[in-house]
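Visitor: Shown below is the structure under consideration.
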Amino acid sequence: MKKKLFVIVPLFLALSLVLASCAQPTEAPAPVKTEAPVAAEVATEAPVEPAVVYKLAAIFPGVITDADYNTLVYIGVSEVTRTMGIESTYSESVAVPDVDRVMREYIDLGYNVIWTHGGQFVNQTVELAKAFPEVIFIGEGDAAVAEPPANLWFIDRNFQVGYYGVGTAAALATKSGKIGYLGGQSLPFSYQEVHAIQQALADLGSDVELVYVWTGDFNDPTKARQTADALIGQGVDVIMSSLNLGVYGVFEAAKAVTDKQIIVTV
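Each residue of the sequence shown is one higher than the one before, counting from 25 in the numbering used here.
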């Protein structure tokens, strides 16, 4: 019995070895794939450019106390300073030959918004706007600027539209049948005003006579007084003024007349 047991044990061991050799080989554990660490990206913002600080310089052909053309823009500039905090300054009574120099002086002082208040300045304003593209220029006139530079803000004033209504009112108010137009310089806008009055008279079918004249200066009360006296002497009883400071001379001429009423429009 022991012999049989001794025989069976070796056979069992041999069979175990055979079965073990026939079994599927055990796979080695798959290596764990590890990714290389990614460097964290730190978001960086582009540098913020400092805000533009605007400085406004206005250039007037007359004085800011004329209670008219120059006063109105002076009030506007003052409101810009008050409500927006923009530094502003101005020059009064600047003649056409001097406006280029005055604009350049303001640019040298760091002013980057230049407003020339007058159609007589428009040509110089356009040329300087081309020379200084980083400066904003505000110009005025009565005809569109051909190929304006991008830094030019142009105000097309259209004064003649208002004078159509003024001419209509004057034609209805006159008792003498004569109305007068009293201008400063004979610039294109002034001719447009006269033409608007003439159109108003034509549209009314009125036989009222229009007398028009220029003093050569918007801001000379003495010349305006003399010219208004002459109009009144010709029978004009409604004077349509297109003056600045000179209008005070027209007022004086009207007040000097005691035997009839003289109407003055401004």
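A virtual CB, placed ideally from N, CA and C, is assigned to each residue, including glycine.
Just so you know, these numbers come straight off a predicted model, no measurement behind them.
Would you grab the beta carbon distance between Lys199 and Gly259 for me? Rounded to a whole angstrom, and I think it's under 8 Å.
Guide: Here residue 199 corresponds to residue number 175 of the sequence shown, with the count starting at 1. Here residue 259 corresponds to residue number 235 of the sequence shown, with the count starting at 1. The Cβ separation is near 10 Å, so there is no contact.
Visitor: For Leu333 versus Tyr205, is the C-beta spacing smaller than 8 Å?
Guide: Since the first residue shown for the chain is 25 and the last is 290, residue 333 is missing from the structure and cannot be characterised.
Visitor: Where DSSP assigns a beta bridge to Ser115, which residues make up the other side?
Guide: Counting from one through the sequence shown, the residue named residue 115 turns up at place 91. Ser115 pairs with Ile83.
Visitor: Does the region 179-191 come close enough to the region 243-255 that 3 or more CB-CB pairs lie under 8 Å?
Guide: No: the two stretches stay apart, fewer than three of their Cβ pairs being nearer than 8 Å.
Visitor: Measuring straight from C-alpha to C-alpha, what distance separates Val97 and Met127?
Guide: The residue you call residue 97 lines up with position 73 of the sequence shown. The residue you call residue 127 lines up with position 103 of the sequence shown. The alpha-carbon atoms of Val97 and Met127 are separated by roughly 17 Å.
Visitor: Determine the closest residue to Thr140 out of Asp132, Ile221, Gly134 and Thr113, with distance taken between C-alpha atoms.
Guide: As a first step, residue 140 is located in the sequence shown; it is residue number 116 there, counting from the start. Measuring from the Cα of Thr140, the nearest candidate turns out to be Thr113.
Visitor: Please list, in chain order, all residues of the same chain as Ala47 whose beta carbon is under 7 Å from its beta carbon, the five residues on each side excluded.
Guide: In the sequence shown, residue 47 corresponds to position 23, counting from 1. Since pLDDT at Ala47 reaches only 46, below the 50 mark, its modelled position is unreliable, and no value is offered.
Visitor: Ala195: buried (16+ other C-beta within 10 angstroms of its C-beta) or exposed?
Guide: By 1-based counting over the sequence shown, the position of residue 195 is 171. Ala195 comes out buried.
Visitor: Of the choices Gly163, Tyr130 and Ser115, whose alpha-carbon is the least far from that of Pro173?
Guide: Residue numbering aside, residue 173 sits at position 149 when the sequence shown is read from its first letter. Checked all of Gly163, Tyr130 and Ser115; the closest Cα to Pro173 is Gly163.
Visitor: From the DSSP output, which residues share a beta bridge with Met264?
Guide: Taking the first residue of the sequence shown as position 1, residue 264 is located at position 240. Tyr205 and Thr289.
Visitor: In three-state DSSP terms, what is Asp283?
Guide: Indexing the sequence shown from 1 puts residue 283 at position 259. DSSP places Asp283 in coil when its eight states are reduced to three.
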